[in-house]
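Residue numbers (our numbering): 812 to 1084. Accompanying notes for the structure given below.
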Ligand code: DGL
């Protein structure tokens, strides 16, 4: 069990921000990642579709014999985490709890912002999670669907994108907002522009980094952490074309030790009862 990989899933490249944090923290662990690029974005899809697609990704990871699953997508976490937990007999964690816990700890003004996909914002999952820990906190959420597309197209460092980020966040920040959760795993790639627009005094929470602590805790609790170096190459699967995915992954992870493979959607299909 200890030598098996950790499985991560996302609708596309976003979960690589979580993958990076996990490999930085746990360099001995081997990783299998799947990004459903072909059906990305999930954030504009119905709850039913998000559940169906996520369960397919989960089964794919189970077929790779993973020892734990990280739902490295806020949209999928919001709608499927409890369902996935019931489906499999290995530990499963999402990215929303770690991010909202950190926000509650960090905010002193008690005004917290959440930037996420339409579906995550509509689910109210972040509000629920934050208010469940401290009901005096005021949460303001904003859906930024354009951001996902920008990151997937690998144009997230351009001047045009800087303008889009500025425009999208124009009237988002309230006077006292001191903490903002990047509630979509694609958004950390836009951190420089988001930080510049919101101001240096605002703490940006990247749930990837926090999730990696949670991964470590869970591995220890279940006594399944890798004891020796297992990881040499990271296995990455995408339902879209390999090239863009590989470029983004190499830039973000700063390594060429990646095995990026494209798989067809048919390979993910689950038998219907
Ligand atoms: N990266 C995903 C998230 O964290 C979703 C992006 C999308 O597919 O809309 O929500």
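Ideal Cβ placement from N, Cα and C applies to all residues, glycine included. Here the structure is a predicted model, which is why all the values come from computation and not from measurement.
With a cutoff of 7 Å on beta-carbon distance, residue 1022 and residue 925 are scored as not near each other.
DSSP, read as helix, strand or coil, puts residue 949 in strand. Straight across, the Cα-Cα distance linking residue 983 with residue 989 is about 12 Å. Secondary-structure assignment with DSSP links residue 1048 through a beta bridge to 845, 1072. Relative to residue 855, the option among 838, 995, 910, 939 whose CA is nearest is 995. Annotation: residue 823 is outside any alpha helix (DSSP H) and is labelled neither H nor E by DSSP. According to the DSSP assignment, residue 910 belongs to the alpha helix (DSSP H) that extends over 907-917.
Residue 1052 has its CB no nearer than 6 Å to any heavy atom of the ligand DGL. Shown here for residue 953: same chain residues with a beta carbon closer than 6 Å to its own, the five before and five after excluded, namely 926, 983 in chain order. With a threshold of 6 Å, the Cβ atom of residue 1070 does not count as near the ligand DGL, since no heavy atom of the ligand is closer than that.
Taking non-hydrogen atoms of the ligand DGL into account, the C-beta of residue 884 is found less than 6 Å away from one of them. Taking C-beta separations shorter than 7 Å and ignoring five residues to either side along the sequence, the partners of residue 1036 in its chain run 813, 1030, following chain order.
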